[in-house]
Structure formats: structure tokens, C-alpha cells
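Asks: Below is a structure I'd like to ask you about.
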Amino acid sequence: MTVRSEAQKEREGAAVLEVRDLRVSFHTYLGEVKALDGVDFDLRRGEVLGLVGESGCGKTVTALAIGGLLSDNARVEGGQVLLEGKDLLKETKEELRQTRLREVSFVFQDPMTFINPVLSVGSQIAEVLESDRVFQDELVEYRLDELAREESKGDLTRAQAEERQALEGLGRGKKLSKKVLKRLAESRALDYMRTVKLPDPERVFKMYPFELSGGMRQRVMIAMALVRRPKVLLADEITTALDVTVQAQVLKLLAELRGKIDASVILITHDLGVVSEICDRVVVMYAGNVVEVADIDELFANPLHPYTQGLLASIPRPDVHAEEMKSISGSVPNLIFPPSGCRFHPRCPKRFDRCPGVKPPLVEVKPGHKVACLLY
Amino acid sequence: MAENLLEVQDLRKWFPIKGGLLGRTSGFVKAVDGATLGVEKGETLGVVGESGCGKTTLGRTVLKLTQPTGGRILFDGRDITSLRGRKAKPLRRRMQIVFQDPYASLDPRQTVRSALTEPMKIHGLARSRKEADAKASELISKVGLNPDHLARYPHEFSGGQRQRIAVARALAVSPDFIVLDEPTSSLDVSVQSQILNLLKALQRELGLTYLFISHNLAVVRQVCQRIAVMYLGRVVEMAETEALFESPKHPYTRALLSSVPIPDPSRRKALAVLEGDVPSPVNIPPGCRFRQRCEFATERCSEVSPPMKEVRRGQTIECLYDIDFATKRKVELS
Numbered sequence: 053m054t055v056r057s058e059a060q061k062e063r064e065g066a067a068v069l070e071v072r073d074l075r076v077s078f079h080t081y082l083g084e085v086k087a088l089d090g091v092d093f094d095l096r097r098g099e100v101l102g103l104v105g106e107s108g109c110g111k112t113v114t115a116l117a118i119g120g121l122l123s124d125n126a127r128v129e130g131g132q133v134l135l136e137g138k139d140l141l142k143e144t145k146e147e148l149r150q151t152r153l154r155e156v157s158f159v160f161q162d163p164m165t166f167i168n169p170v171l172s173v174g175s176q177i178a179e180v181l182e183s184d185r186v187f188q189d190e191l192v193e194y195r196l197d198e199l200a201r202e203e204s205k206g207d208l209t210r211a212q213a214e215e216r217q218a219l220e221g222l223g224r225g226k227k228l229s230k231k232v233l234k235r236l237a238e239s240r241a242l243d244y245m246r247t248v249k250l251p252d253p254e255r256v257f258k259m260y261p262f263e264l265s266g267g268m269r270q271r272v273m274i275a276m277a278l279v280r281r282p283k284v285l286l287a288d289e290i291t292t293a294l295d296v297t298v299q300a301q302v303l304k305l306l307a308e309l310r311g312k313i314d315a316s317v318i319l320i321t322h323d324l325g326v327v328s329e330i331c332d333r334v335v336v337m338y339a340g341n342v343v344e345v346a347d348i349d350e351l352f353a354n355p356l357h358p359y360t361q362g363l364l365a366s367i368p369r370p371d372v373h374a375e376e377m378k379s380i381s382g383s384v385p386n387l388i389f390p391p392s393g394c395r396f397h398p399r400c401p402k403r404f405d406r407c408p409g410v411k412p413p414l415v416e417v418k419p420g421h422k423v424a425c426l427l428y
Numbered sequence: 021m022a023e024n025l026l027e028v029q030d031l032r033k034w035f036p037i038k039g040g041l042l043g044r045t046s047g048f049v050k051a052v053d054g055a056t057l058g059v060e061k062g063e064t065l066g067v068v069g070e071s072g073c074g075k076t077t078l079g080r081t082v083l084k085l086t087q088p089t090g091g092r093i094l095f096d097g098r099d100i101t102s103l104r105g106r107k108a109k110p111l112r113r114r115m116q117i118v119f120q121d122p123y124a125s126l127d128p129r130q131t132v133r134s135a136l137t138e139p140m141k142i143h144g145l146a147r148s149r150k151e152a153d154a155k156a157s158e159l160i161s162k163v164g165l166n167p168d169h170l171a172r173y174p175h176e177f178s179g180g181q182r183q184r185i186a187v188a189r190a191l192a193v194s195p196d197f198i199v200l201d202e203p204t205s206s207l208d209v210s211v212q213s214q215i216l217n218l219l220k221a222l223q224r225e226l227g228l229t230y231l232f233i234s235h236n237l238a239v240v241r242q243v244c245q246r247i248a249v250m251y252l253g254r255v256v257e258m259a260e261t262e263a264l265f266e267s268p269k270h271p272y273t274r275a276l277l278s279s280v281p282i283p284d285p286s287r288r289k290a291l292a293v294l295e296g297d298v299p300s301p302v303n304i305p306p307g308c309r310f311r312q313r314c315e316f317a318t319e320r321c322s323e324v325s326p327p328m329k330e331v332r333r334g335q336t337i338e339c340l341y342d343i344d345f346a347t348k349r350k351v352e353l354s
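Quick mapping for you: the protein sequence lines, in order, are chains G and A. Counting in this note's numbering, the first sequence runs from 53 upward without gaps. Counting in this note's numbering, the second sequence runs from 21 upward without gaps.
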């Protein structure tokens with residue numbers, strides 16, 4: 053782990069989430085898969101951080117480990133996941149449930165797998181808020197704010213005035229009736245459906261997932277994740293299943309949401325086009341290791357790790373034609389028997405005698421630019 | 021202009037929707053609905069479009085893996101539209117396909133040797149087992165693997181290697197024409213370019229003609245000489261690759277191209293966003309199929325189905341207008 057001075061921390065902006073030397077393995081009947089081997093990065097407040105790499109590099113496992121959602125055959129071998137200083141890996145099941153409820157939200161690749169097909173869209177966005185009393189005070193305040201805004205525009209109707217009186221009369225922590233809770237939750241759900249630009253939200257509220265297109269379902273997932281106002285949003289390949297024109301709509305939405313929401317975002321993707329479109333910084337992963345971390349412009353202009361260089365050179369670009377395409381020889385290694393030393397060395401065009409023996413540490417070679425390679 | 025190896029005229033493939041107790045046909049999914057295109061000998065023609073536009077159905081129909089509902093297919097000058105069964109067999113030797121997912125397209129219980137020699141046996145291309153084995157060794161080396169791999173089963177290979185095997189199997193009968201249906205979509209980028217380079221090298225060496233179906237515009241730009249853009253079952257624009265990317269003429273092509281993110285933050289631009297979704301291929305709106313999402317649509321677009329017109333040499337569109345996207349001025353095409 054690198055030791056950073058106070059001044060450095062200041063410059064980098066406060067980290068919401070710090071992942072430190074995270075190691076995870078899976079037990080399978082073929083052997084132990086060493087999926088994460090010392091993953092280390094920070095998520096700064098308000099940023100969109102890209103987590104990129106090819107399939108099997110550990111991007112999704114990293115996200116699942118952060119949310120405590122790893123499958124039963126996974127074991128966290130070591131490391132820390134610090135959310136504002138609190139280690140999520142040490143939390144009990146109930147504490148983790150609370151964390152996922154209030155602080156860390158997920159959006160996954162395929163909305164149909166995560167949306168309940170027999171509940172209407174609106175009611176399942178609202179359900180999250182009704183499911184736990186922790187949202188009660190917040191919902192009351194939210195509604196009171198809304199009524200105050202109405203009032204500043206003009207007089208309240210009699211019903212609205214009565215509602216406000218009733219809500220104000222409630223002491224903090226006093227239980228709302230289920231009916232009132234439901235109404236408040238639904239009104240906030242509708243609000244977030246507007247935030248994610250679902251067309252005709254009042255009508256869509258009552259619709260079922262199968263009636264929506266892929267892009268609309270993904271918007272529903274985003275609304276469901278944001279309605280709890282999380283500190284961290286983990287977005288795992290959220291545009292991969294969408295067509296390019298719909299992907300462009302969702303990327304535009306994410307760009308518009310920045311500034312409107314408090315959440316810092318980890319965007320997991322294999323598509324470097326998507327990354328360069330919306331991320332501030334990028335973490336490049338290979339075979340369970342972080343190999344490079346840099347600002348987006350720096351990474352594309354000046355990639356240091358041979359894997360990053362190979363990856364950038366091998367993406368076909370829509371804006372230029374190349375007669376012969378570059379590629380990285382070989383394929384992604386089997387993580388039951390990962391290569392010794394640097395896990396990239398068997399495919400690396402720049403390897404030298406020390407590479408198979410020494411695991412390169414992640415070092416900061418320039419302010420904000422870290423790389424794990426013995427060349428630097 | 022080179023001669024067309026494959027010609028598709030007004031091709032239609034409708035799938036009936038059966039419903040209810042009696043299994044009556046209640047409508048049709050018009051997957052391909054009047055597509056016209058030609059593939060020149062020795063070229064790679066790209067077919068691009070979003071999911072549901074009919075590109076895969078088009079590929080399967082020209083190979084006669086499904087019977088077309090209407091239209092004509094000519095292969096090497098011969099009408100093959102209604103060829104079936106035994107009569108189609110000589111044709112099948114000349115036309116092959118490589119599918120998207122090599123995990124599904126290879127039989128898990130068949131060795132690589134058997135997968136490569138079986139098509140030779142069926143078409144009588146090897147006189148003896150020895151000859152077939154020798155051919156298999158040659159094929160496997162051609163796709164960048166080695167003859168030791170012949171005795172293995174598909175599960176022993178990575179995705180990229182499996183796709184090489186699928187390519188070798190297609191080549192086993194020495195075809196002239198191969199439909200490549202999203203051949204690299206299930207592969208990682210670092211491996212994808214290996215396969216694309218292989219396909220290009222094989223084409224040069226063997227004089228193959230490809231129909232390259234893909235949703236990835238960046239890939240298509242690297243491998244195709246010409247491109248057909250499909251929307252809701254029709255080819256809405258066809259042009260040489262550079263002309264299409266540099267100056268698309270159909271509003272849909274333009275929207276499609278500008279919604280692809282470029283992997284280079286120094287060229288970060290606001291992505292042009294096409295609103296709405298693709299209409300259902302069951303209830304296709306009359307007139308131009310794209311008009312509801314088109315910013316240039318006029319009254320006439322809802323009345324007339326635009327015929328295919330040549331706007332520039334070698335560039336045809338199905339649009340009533342020749343639009344200058346910079347100035348937004350449009351000239352009606354006569």
C-alpha cells in the first residue's frame with residue numbers, strides 16, 4: 053500500500069470509498085480461483101470512476117465484494133473496504149443490509165433479472181422506501197419541502213394544508229401509518245421517475261416491466277438505485293445489453309444526473325468508448341490486479357502499463373480505419389494457476405528477467421497516475 | 021464494377037404469430053421486409069443495425085436456413101429462392117456460416133478432428149480418412165492452431181480459440197461465400213482483433229466473399245469494403261465504407277454513427293441522441309419506417325414508402341430527400 057502525505061490527500065479530494073489490498077478467492081471443484089489479488093483504489097466524492105478490463109479480470113467481483121454480495125463459495129482473504137472510514141468487510145449481515153439500503157446501491161447489466169416481473173414499476177421503486185422505517189423521517193421532510201415549494205408558487209389547497217398540519221404534528225421517530233407511508237413513498241418514487249426522464253411517468257408508474265423497452269427498464273433500475281440517495285452507486289455494465297442509440301440516451305442521462313445527485317459512481321465496463329465519454333478517472337484491472345490508475349485524459353494520452361497500451365491499441369475505433377489491427381497475443385490466464393510475479397508477464401511484449409519472479413507494487417509515478425509494472 | 025456473387029431482391033421473411041387455442045395466425049413479425057442488396061465477388065459486405073432490425077434473419081435466409089416468404093435470392097447468377105433438400109446440397113458446400121457464440125456452435129462431444137472432417141465426408145471431398153485428416157491438419161494450422169489440437173474437445177479451448185475452430189470448420193468444404201454473424205461479439209477486445217486479422221488474411225489467401233453481420237460499427241469500419249445499414253427489416257442505406265462513415269446520407273445512418281462513443285477523451289463530443297425506440301416489427305407504420313424518430317420528417321414521409329435511390333455514385337438510400345446535415349437543407353430526390 054502506498055503511503056500518502058496529507059498534502060496529497062488534500063489534492064486528491066476526499067475519498068468516499070477506499071478499497072485496500074482486497075483479496076478474494078472462490079472455491080470450485082477444479083481448485084481455488086484467486087479472483088482478486090490485492091485490489092487497491094479510491095473513489096473520490098462526486099466523481100465517476102471507471103473500472104475497466106476484460107472478462108474475468110475481477111471488475112464485477114470487486115463490486116460484489118464492496119456490497120457484501122459475494123456468493124457462498126467466495127472467501128475474502130484479506131483487505132479492507134472503507135466507506136467513509138467504516139470497514140464494510142467487518143460488518144454483520146444486518147449492518148450490511150442497512151449499508152446496502154442507505155449507502156451503496158447497485159445497477160446491473162440485465163434489468164430483467166433484477167426487476168420483479170409481477171409488481172408494477174412504480175410500486176417497486178417505492179417499495180424500497182416503505183420496506184424500512186429508516187426512511188420515514190426523510191420522507192416526511194421531503195414531502196414538507198415539496199409542500200413548501202408549492203406554497204411559494206401559490207396557495208395550498210385545503211387538502212394540502214391539512215396534510216401539512218398532520219405531518220408537522222408528527223414527532224420525529226413516531227410511526228406513520230402504513231397508508232401514509234405508502235403515499236409518501238410513491239410520491240417520491242414518481243419524482244425519481246421524472247429525474248431519470250422516464251416518459252409519461254404517471255402512466256409508466258402503473259406499468260409492468262414486460263411492457264417497457266430495454267432502455268426504459270434500465271432507467272427504472274437507476275431510479276430504484278437513486279431513490280434511496282446512496283453515497284456510492286455501483287453501475288455494472290449498465291449499457292452493455294443496450295443498442296448504441298439507447299446506450300447514448302442512458303449515457304446522456306448519467307451525464308445530466310451528475311450534479312443533481314450526491315452519489316459517487318463506480319462505472320464498471322469493458323467498453324473504453326463509454327469510459328472516455330463519462331468517467332473522470334479510470335482503474336484498469338487485469339487478472340485480479342489493478343495495473344494502472346489515472347485521470348481519463350492522462351490514461352488515453354499516456355498509458356504506461358504494457359497491458360493498457362495493448363488494450364488501447366487493440367480497440368477498433370469507429371472514427372478511423374486501420375488496415376491491420378493490433379492485438380495482445382495469447383489470452384486471459386486461468387486464475388486457478390495464475391502466472392507468477394506479474395500476472396501479465398506471459399503476454400507482455402516488454403517483459404524482462406525479473407517479471408516472472410516479482411509481483412510489481414502499485415506506485416505513483418506522476419501525481420495521480422499509478423502503475424503496477426517493474427519498468428517504472 | 022465487379023460481378024455480384026450474391027444478389028438479394030426485395031427479400032421478405034415473415035414469422036407468423038400463432039395464438040389462442042386453435043393456433044390461428046394473428047399477425048406476422050416482419051423480420052425482413054423488402055431488403056435488397058448485392059454482394060460482390062471477393063468483398064466483405066457489412067450488414068449493420070440495432071437488435072431486431074433483421075440482420076441475422078437476412079443472413080440465415082440467404083443461406084436458405086429458413087425459407088423466405090417472398091423476394092428472390094440469386095447466388096452466382098442462379099435463382100436459389102425455392103431450392104430445398106437434396107437439390108440445395110451442392111449449394112451448401114459453397115455457402116457457410118460462422119456463428120456468434122462458439123460455446124454454442126461447437127458440439128461439446130465432438131473432437132476438433134471430427135468437427136472438421138465430418139463436413140468433408142458429407143460432401144465427398146476426401147477419398148479416404150487419411151486424406152481427410154491431412155486436410156484437417158492443414159486447416160487447423162491455417163487458423164493459427166496446431167495439429168496437436170485436433171484430438172481435443174471444445175471445452176479445452178478459450179473463446180478465441182473456439183472461434184478459430186468454428187472458422188476452420190466453415191472452411192472445411194472450401195466455400196466461396198461465408199456469412200459471419202457477429203463473429204467477434206462474444207470475444208474480448210484483445211482477442212477480437214486476432215480473429216478479425218485472421219478473417220482478413222484468409223479472405224486474401226482464398227478469395228472468399230463475406231457477409232459480415234455486426235452491431236459494432238467500429239469493427240465493421242475495419243473489415244468491410246461496403247456496408248448495408250438495416251432498419252426494421254429494410255436496407256435503408258448502402259455505400260462504400262469510407263463514404264458511409266465520412267458522409268452518411270440517410271438520417272438513421274447519421275444518428276446511428278453519431279451515437280457511438282469514441283474511445284478517446286480528447287475527441288469527446290456530446291453524443292447525438294436519437295429519441296424513442298425502434299417500432300415493433302409487427303405493426304410497421306406506413307410510409308417511411310424511420311419517420312417517427314426522424315428530425316427531418318415531413319407530411320410526405322407518412323404517405324410514401326421511399327424507394328431506393330442513388331444519391332452519389334455507389335451510395336443508395338431509402339429516403340425521399342437528399343439532406344445536407346450541416347445546413348439542414350433538403351432537396352427532394354426525383
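Heads up, the beta-carbon is just placed ideally off N, CA and C, and yes, glycines get one too.
Take arginine 63 of chain G and list the residues in its own chain whose beta-carbon comes closer than 6 angstroms to its own, dropping the five residues that flank it on each side.
Replies: With a pLDDT of only 47 at arginine 63 of chain G, under 50, the local geometry of the prediction cannot be trusted, and the value read off the model is given with reservation. Excluding residues within five positions, none has a Cβ falling inside 6 angstroms.
Asks: Helix, strand or coil for threonine 165 of chain G? Go by DSSP, reduced to three states.
Replies: Three-state DSSP puts threonine 165 of chain G in a helix.
Asks: Whole angstroms is fine: what's the gap from isoleucine 100 of chain A's alpha carbon to glutamate 323 of chain A's?
Replies: In a straight line, the C-alpha of isoleucine 100 of chain A is about 34 angstroms away from that of glutamate 323 of chain A.
Asks: Taking only runs of the alpha helix (DSSP H) that begin and end inside the stretch 74–158 of chain A, which ones reach a length of at least 4 residues, in chain order?
Replies: Segments of the alpha helix (DSSP H) lying fully in the stretch 74–158 of chain A: 75–82, 109–114, 122–125, 132–142.
Asks: Measuring only the C-alpha atoms, how far is histidine 373 of chain G from glycine 79 of chain A?
Replies: Whole-angstrom Cα-Cα distance: 25 angstroms.
Asks: For the ligand COA, is there a heavy atom less than 7 angstroms away from the beta-carbon of leucine 242 of chain G?
Replies: Annotation note on the ligand COA: not contained in the displayed structure, which lists no ligands.
Asks: Quick one: which chain G residues come within Cβ less than 8 angstroms of glutamine 242 of chain A?
Replies: Pro368, His373, Ala374, Met377, listed in chain order.
Asks: How big is the Cα-Cα spacing for valine 239 of chain A and cysteine 308 of chain A?
Replies: So the alpha carbons of these two residues sit roughly 28 angstroms apart.
Asks: Curious, which full-length beta strand (DSSP E) runs of at least 3 residues does the stretch 276–318 of chain A contain?
Replies: Counting only runs of 3 or more, we get nothing.
Asks: Mind pulling the beta strand (DSSP E) runs of 3 or more residues that sit fully within the stretch 316–343 of chain A?
Replies: The stretch 316–343 of chain A contains these whole beta strand (DSSP E) runs: 329–332, 335–337.
Asks: Report yes or no: do the stretch 301–313 of chain G and the stretch 185–199 of chain G share at least 3 C-beta pairs separated by less than 8 angstroms?
Replies: With the cut-off at 8 angstroms, the stretch 301–313 of chain G and the stretch 185–199 of chain G do not touch.
Asks: Find the nearest neighbour of arginine 97 of chain G within the set G:Ala346, G:Asp332, G:Asp349, G:His397, judged by alpha-carbon distance.
Replies: Per the Cα distances, G:Asp332.
Asks: Give the secondary structure of histidine 79 of chain G by DSSP, where H, G and I count as helix, E and B as strand, and everything else as coil.
Replies: If DSSP states are grouped into helix, strand and coil, histidine 79 of chain G belongs with the strands.
Asks: Are the C-beta atoms of alanine 238 of chain A and some chain G residue less than 8 angstroms apart?
Replies: Closer than 8 angstroms to some Cβ of chain G, the Cβ of alanine 238 of chain A qualifies, so yes.
Asks: Measuring alpha carbon to alpha carbon, tell me which residue in G:Thr292, G:Val345, G:Thr80, G:Ser229 is nearest leucine 101 of chain G.
Replies: Here the closest residue by C-alpha is G:Val345.
Asks: Return no unless some Cβ of chain A is closer than 8 angstroms to the Cβ of lysine 312 of chain G.
Replies: False, the Cβ-Cβ gap to chain A never drops below 8 angstroms.
Asks: Counting only C-beta atoms, is glutamine 60 of chain G closer than 8 angstroms to chain A at any point?
Replies: Low local confidence applies: a pLDDT of 49 at glutamine 60 of chain G is under 50, so the model's placement there is unreliable, with the coordinate-based value given in what follows. Not one chain A Cβ lies under 8 angstroms of glutamine 60 of chain G.
Asks: Taking 8 angstroms as the CB-CB cut-off, is valine 132 of chain A touching chain G?
Replies: No, valine 132 of chain A does not count as interfacial toward chain G.
Asks: Residues in the same chain with beta-carbon distance under 6 angstroms from valine 335 of chain G, minus the five sequence neighbours each way, listed in chain order, please.
Replies: Closer than 6 angstroms at the Cβ level, and outside the excluded window around valine 335 of chain G, lie Phe93, Leu103, Val342, Val345.
Asks: Mapping the DSSP letters down to three states, classify glycine 43 of chain G as helix, strand or coil.
Replies: In the structure as shown, chain G begins at 53 and stops at 428. Residue 43 of chain G is therefore absent and cannot be evaluated.
Asks: Nearest chain G C-beta to proline 301 of chain A closer than 8 angstroms, yes or no?
Replies: Proline 301 of chain A does not count as touching chain G.
Asks: In the DSSP output, which residue or residues are listed as bridge partners for histidine 235 of chain A?
Replies: Beta-bridge pairing links histidine 235 of chain A to no other residue.
Asks: Classify threonine 112 of chain G as helix, strand or coil using the three-state DSSP reduction.
Replies: If DSSP states are grouped into helix, strand and coil, threonine 112 of chain G belongs with the helices.
Asks: Between the stretch 194–220 of chain A and chain G, which residues of the former have CB atoms less than 7 angstroms from a CB of the latter, in chain order?
Replies: Hits within the stretch, in order: Asp208, Val209, Ser210, Val211, Ser213, Gln214, Leu216, Asn217.
Asks: Can you tell me where the alpha helix (DSSP H) holding threonine 292 of chain G begins and where it ends?
Replies: Run containing threonine 292 of chain G: none; DSSP gives neither H nor E here.
Asks: I want to verify the contact list: residues of chain A whose CB lies under 8 angstroms from the CB of phenylalanine 352 of chain G, in sequence order.
Replies: Those are Pro283, Asp284, Pro285, Ser286, listed as they occur along chain A.
Asks: Under the three-state reduction of DSSP, which class applies to phenylalanine 35 of chain A: helix, strand or coil?
Replies: Correct three-state label for phenylalanine 35 of chain A: strand.
Asks: Whose C-beta lies closer than 7 angstroms to the C-beta of phenylalanine 166 of chain G among residues of the same chain, with five residues either side of it excluded?
Replies: Only Phe160, Met273 meet the Cβ criterion.
Asks: Within 8 angstroms (strictly less), CB to CB, does lysine 304 of chain G reach chain A?
Replies: It does: the Cβ of lysine 304 of chain G has a partner Cβ on chain A nearer than 8 angstroms.
Asks: Excluding the 5 residues preceding and the 5 following alanine 200 of chain G in the sequence, name in chain order all residues of the same chain whose CB lies nearer than 8 angstroms to its CB.
Replies: Excluding residues within five positions, none has a Cβ falling inside 8 angstroms.
Asks: Comparing alpha-carbon positions, which option in G:Val68, G:Leu324, G:Ala353, G:Arg395 lies nearest serine 366 of chain G?
Replies: Ranking the options by Cα distance to serine 366 of chain G, first place goes to G:Leu324.
Asks: Relative to chain A, which residues along the stretch 286–305 of chain G have a C-beta separation below 8 angstroms, given in chain order?
Replies: Listed in sequence order: Asp295, Val296, Thr297, Val298, Gln299, Ala300, Gln301, Leu303, Lys304.
Asks: Since methionine 258 of chain A sits in a beta bridge, which residues does DSSP pair it with?
Replies: The partner list for methionine 258 of chain A (beta bridge, DSSP) reads A:Ala248, A:Thr336.
Asks: When burial is assigned at 16 or more other CB atoms within 10 Å of the CB, is serine 381 of chain G buried or exposed?
Replies: Exposed, by the Cβ-count rule.
Asks: Have a look at A:Arg313, A:Gln223, A:Leu136 and flag the residue whose alpha-carbon is nearest the alpha-carbon of arginine 189 of chain A.
Replies: Residue A:Leu136 is the option with its Cα nearest to arginine 189 of chain A.
Asks: Using a C-beta to C-beta distance shorter than 7 angstroms, which residues of chain G count as neighbours of leucine 276 of chain A?
Replies: Simply Val296, Thr297.
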